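Protein chains: 2
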Amino acid sequence: MILTVTLNTALDVGYRVPRLERHGTHRVSEVRVRPGGKGLNVARVLAALGHDVVVTGFAGGRTGEEVRTLLARRAENASAAPDAGSLTDALVAVGGETRRTVAVIDDATGDTTQLNEPGPHVAPEEWTAFLTAYRDLLAAGGGRCRAVALCGSLPPGVPVGAYGTLVREARTAGVPVLLDTSGEPLRRGLAARPDVVKPNVAELAGITGTNEPLRAAREARRRGAREVAASLGPDGMLALTEDGVWRAAPARRLAGNPAGAGDSAVAGLLSGLVEGLSWPDRLVRAVALSAATVAAPAAGEFDAPVYAEMLPRVEVTERTAAA
Amino acid sequence: MILTVTLNTALDVGYRVPRLERHGTHRVSEVRVRPGGKGLNVARVLAALGHDVVVTGFAGGRTGEEVRTLLARRAENASAAPDAGSLTDALVAVGGETRRTVAVIDDATGDTTQLNEPGPHVAPEEWTAFLTAYRDLLAAGGGRCRAVALCGSLPPGVPVGAYGTLVREARTAGVPVLLDTSGEPLRRGLAARPDVVKPNVAELAGITGTNEPLRAAREARRRGAREVAASLGPDGMLALTEDGVWRAAPARRLAGNPAGAGDSAVAGLLSGLVEGLSWPDRLVRAVALSAATVAAPAAGEFDAPVYAEMLPRVEVTERTAAA
């Protein structure tokens, strides 16, 4: 199985309004709720690709319950699909209330305004309980855990060096670990030498000070990442790996909702890793999944026909200058 | 006791953001949740004024549970105050999910952007169950129900003539009934001859076609309201009553959050009614409570020192031209 960690899970609330006006009063025309947080999105895409996935992190309060109920419903629906993998909830209970994230879609422009609650305060003993659960999941059944993804922001109370700790635990357990976060948690996580990091250009710039992707990715490797797969948004991905430097670009840019495109890229990279694909093939999958997610209505979902259409239309080029 | 009806109860979610940008991503700096919907706000103010209140309407799903939990907590806190009345939950269960309303306060400007979910779909048998519960509450213990307030919007599935039905039931039971809604539900409710309606200028204009408050209020009486107390926002209130026409204005305008000012005015009018106050005294109370609510952080609350300060500072004038 593949393990995904979402310390700051969320109830994703999606609103449509005819036109968003600052300081106006709006009657919401459509409401959608989904389990959210990057690692849960990654897990749903991985399960749709046929992988058995276990999700962990924190869930608490009524919104936490709702996240778990929605996740169980998705797991049921997913298991009805012939080729889907299982999706297992191993979230750890927390006394605080899981956050809501509200995405307001403006029908007049198609743009999204996002409001993210900070998340529950996690007490030291809750963090300790999580670490125990995490270790058990990494060790599950002698090598059954084939990879782990550490995703997203930290809720209040979790130590800023949390991802460093989780990376080290994974390395000790011999489980390949991918880190997808930003800011100080990314900086601290890098120092623990994760196998892969998947920042976007802004996240890379935030820790390296440069907007030039190749230079920034090199700096991220220097700081501890064994391999770096940087997302370039609609322009695809850049990977600095032990086998070389690769650039993957979609044949065409798709219009749509970019929420979750990065999470689908993580699912593409991670599934490719456990299936033993080469880096170019992993990048093709990641970029095609990202594009198919932009074409889908929400994070954690992708448009299967668009995915199939894009797969042969991602171009990978190798840069000969060594990383 | 006083009964308040909130067919479309809500979980009021309040967010603070440093600066709201259309199509931006915001980290919410503060999250507050409160029981919401106009009738619940009216009830909280009435209880704080010392009246025993029963709230009914619909509640469903996890947000409905949260509304009821928060209401119970407020009832407990309120009963700790020496002069407060009781607050009793007689909400009727509904299969759908009670709505959220999200108020985003922009710290840079102090303005609020409001997003209101439509509410749960109410099935015909749920509406019938509510009517039975409502009749029982009106009849409670032979004259114990001294007044009823019908407040706010209708959730999907409830007949648009619902307030007409509820007004007629109250009249049959001999319970004075105040109606505070807008649009077609107000128009239909008026025709059933409620004792008092409390529209604001925009709501009056919506059904009468005129923005001139006195003319619009006269038209509302002609359409069935026995008495009309129109809210003029920061300029106070205008009442067309069987005793005369009165205008009440606060000595000074208060800056603050106008959410819930109208609900506090309803609480002022209704408490004055059951206490047998004259119309001028009811208006003084309603206007002072509105001002004290603008000075408080949220609907359903008021600033007690501001209320005490404003009471002797509301000026009431009688218009000699008969209504």
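Protein sequence lines, in the order shown, are assigned to chains P and L.
Residue 92 in full-length UniProt numbering sits at position 92 of the first sequence; the count goes up by one each step and never skips.
Residue 230 in full-length UniProt numbering sits at position 230 of the second sequence; the count goes up by one each step and never skips.
Beta carbons: idealized from backbone N, C-alpha and C, even for Gly.
Just so it is clear, the structure is predicted and the values come from calculations on it, not from any experiment.
For Pro-194/L and Thr-98/P, what's the separation of their Cα atoms in angstroms? What you label residue 194/L is simply residue 194 of the second sequence in a count that begins at 1. What you label residue 98/P is simply residue 98 of the first sequence in a count that begins at 1. When rounded, the distance between both Cα atoms is 44 Å.
Write down every uninterrupted run of the beta strand (DSSP E) in the stretch 228 to 297 of chain P whose length is 3 residues or greater and which is fully enclosed by it, in chain order. 237 to 240 and 245 to 250
Beta-carbon proximity list for Ala-323/P, same chain, < 8 Å, skipping 5 on both sides: One-based indexing of the first sequence puts residue 323/P at position 323. With a pLDDT of 42 at Ala-323/P, under the threshold of 50, the modelled position of that residue is not reliable, and the figure given next carries that caveat. Ala-217, Arg-218, Arg-221, Leu-240, Thr-241, Gly-244 and Val-245.
Distance, Cα to Cα, Arg-44/P vs Glu-301/P? Taking the first sequence and counting its residues from 1, one reaches residue 44/P at position 44. Taking the first sequence and counting its residues from 1, one reaches residue 301/P at position 301. C-alpha separation (whole angstroms): 7 Å.
By how many angstroms is the C-alpha of Arg-252/L removed from the C-alpha of Arg-215/L? Sequence index remark: in the second sequence, residue 215/L carries index 215 (1-based). Sequence index remark: in the second sequence, residue 252/L carries index 252 (1-based). Taking the straight line from one Cα to the other gives about 26 Å.
So, helix, strand or coil for Ala-323/L, using DSSP? Along the second sequence, one-based indexing puts residue 323/L at 323. Residue placement at Ala-323/L is poorly supported in this model, since its pLDDT is 42, which falls under 50; the coordinates still yield a value, given next. Coil.
My output table needs one value for Arg-168/L: the three-state DSSP class, helix, strand or coil. In the second sequence, the residue the question calls residue 168/L occupies position 168. It is helical.
Taking the alpha carbon of Arg-32/L as the reference point, which residue from Asp-106/P, Gly-37/P and Pro-120/P has its own alpha carbon closest? Mapped onto the second sequence, residue 32/L falls at position 32. Checking every option, the nearest Cα to that of Arg-32/L belongs to Pro-120/P.
Give a yes or no on whether 9 Å exceeds the smallest Cβ distance from Pro-35/L to chain P. Taking the first residue of the second sequence as 1, we reach residue 35/L at position 35. Taking Cβ atoms only, chain P never reaches closer than 9 Å to Pro-35/L, which makes this a no.
With respect to the alpha helix (DSSP H) encompassing Val-42/L, which residues constitute its N-terminal and C-terminal limits? Position 42 of the second sequence, counted from the first residue, corresponds to residue 42/L. That run of the alpha helix (DSSP H) goes 38 to 48.
Step through the CB atoms of chain L and report whether any lies within less than 9 Å of the CB of Val-13/P. Walking along the first sequence from the start, residue 13/P turns up at place 13. So yes, Val-13/P belongs to the interface.
Could you tell me the distance, in whole angstroms, from the CA atom of Ala-59/P to the CA atom of Leu-70/P? In the first sequence, residue 59/P corresponds to position 59, counting from 1. In the first sequence, residue 70/P corresponds to position 70, counting from 1. Cα-Cα distance, rounded: 13 Å.
With DSSP collapsed to three states, give me the class of Thr-132/L. Residue 132/L sits at position 132 when you count from the first residue of the second sequence. Helix, per DSSP.
Under a CB-based cut-off of 9 Å, is Pro-118/P close to chain L? Here residue 118/P refers to the residue found at position 118 of the first sequence. Yes, Pro-118/P counts as interfacial toward chain L.
Within the continuous alpha helix (DSSP H) that includes Ala-304/L, where are the two ends? Counting from one through the second sequence, the residue named residue 304/L turns up at place 304. Segment 304 to 310, the alpha helix (DSSP H) holding Ala-304/L.
Less than 6 Å between C-beta atoms, sequence neighbours within five positions excluded: which residues of the same chain meet that for Arg-223/L? On the second sequence, position 223 is the one that residue 223/L refers to. Excluding residues within five positions, the ones whose Cβ falls inside 6 Å are Leu-190.
Check distances from the C-beta atoms of the stretch 191 to 205 of chain P to those of chain L and list, in chain order, the residues that come in under 7 Å. none
Under 9 Å from the C-beta of Glu-212/P: neighbouring residues of chain L: Here the question's residue 212/P lines up with position 212 in the first sequence. The contacting residues do not exist; Glu-212/P stays about 24 Å from chain L at best.
Using DSSP bridges, identify the partner residues of Arg-100/L. Start at 1 with the first residue of the second sequence, and residue 100/L comes out as number 100. For Arg-100/L, which the question treats as bridged, DSSP gives the partners Leu-11/L.
Quick check on this structure: which residue in Gly-36/L, Leu-186/L and Ala-225/L has the alpha carbon closest to the alpha carbon of Pro-159/L? Numbered from its first residue, the second sequence carries residue 159/L at position 159. Closest option to Pro-159/L, Cα to Cα, is Leu-186/L.
For Ala-192/P, which of Ala-202/P, Glu-203/P and Leu-150/P has the nearest alpha-carbon? Numbered from 1 along the first sequence, position 192 holds the residue referred to as residue 192/P. Nearest C-alpha to Ala-192/P: Leu-150/P.
Give a yes or no on whether 9 Å exceeds the smallest Cβ distance from His-23/L to chain P. In the second sequence, counting from the first residue as 1, residue 23/L sits at position 23. Closer than 9 Å to some Cβ of chain P, the Cβ of His-23/L qualifies, so yes.
Does any C-beta atom of chain C lie closer than 9 Å to the C-beta of Arg-27/L? Within the model displayed, chain C is absent; protein chains P and L are what it includes.
In the structure shown, what three-state DSSP assignment does Arg-34/L receive? By 1-based counting over the second sequence, the position of residue 34/L is 34. In the structure shown, Arg-34/L sits in a strand (DSSP, three-state: E or B).
Establish whether the CB of Arg-62/L and some CB of chain P are separated by less than 9 Å. Position 62 of the second sequence, counted from the first residue, corresponds to residue 62/L. Closer than 9 Å: yes.
Using only the alpha-carbon positions, how far apart do Asn-200/P and Ala-286/P sit? Within the first sequence, residue 200/P is the residue found at index 200, counting from 1. Within the first sequence, residue 286/P is the residue found at index 286, counting from 1. Spanning the two alpha carbons is a distance of roughly 13 Å.
Beta carbon of Gly-262/P, beta carbon of Arg-247/P: below 9 Å? Locating residue 262/P in the first sequence gives position 262, counting from the first residue. Locating residue 247/P in the first sequence gives position 247, counting from the first residue. Contact flag unset, no.
In terms of residues, what are the limits of the alpha helix (DSSP H) holding Ala-108/P? By one-based count along the first sequence, residue 108/P stands at place 108. Counting along the chain, Ala-108/P falls outside any alpha helix (DSSP H), and DSSP gives it neither H nor E.
Just list the residues that DSSP pairs Thr-63/L with in beta bridges. As a working mapping, residue 63/L is identified with position 63 in the second sequence. DSSP output for Thr-63/L lists no bridge partner at all.
Looking at the strands, I want to know which residues DSSP matches up with Gly-57/L. Here residue 57/L corresponds to residue number 57 of the second sequence, with the count starting at 1. Gly-57/L pairs with Thr-6/L.
Roughly how many angstroms lie between the CA atoms of Arg-319/L and Thr-112/L, to the nearest whole one? Locating residue 319/L in the second sequence gives position 319, where the first residue counts as 1. Locating residue 112/L in the second sequence gives position 112, where the first residue counts as 1. Their Cα atoms are separated by approximately 36 Å.
Just verifying my parser: in three-state terms, what is the DSSP assignment at Leu-150/P? Taking the first sequence and counting its residues from 1, the one referred to as residue 150/P is at position 150. In this structure, Leu-150/P counts as strand in the three-state DSSP scheme.
Under the three-state DSSP convention, the category Thr-88/L falls into: Numbered from 1 along the second sequence, position 88 holds the residue referred to as residue 88/L. Of the three classes helix, strand and coil, the one that applies to Thr-88/L here is strand, per DSSP.
Among all the DSSP beta bridges, which residues are the ones paired with Ala-93/L? Against the second sequence, residue 93/L aligns to sequence position 93. Ala-93/L is bridged to Ala-59/L.
Cβ of Leu-3/L within 9 Å of Cβ of Val-53/L? Locating residue 3/L in the second sequence gives position 3, where the first residue counts as 1. Locating residue 53/L in the second sequence gives position 53, where the first residue counts as 1. A contact, by the Cβ cut-off of 9 Å.
Over the uninterrupted beta strand (DSSP E) stretch that includes Thr-25/L, give me the two end residues. Within the second sequence, residue 25/L is the residue found at index 25, counting from 1. 25 to 27 is the span of the beta strand (DSSP E), which, as asked, contains Thr-25/L.
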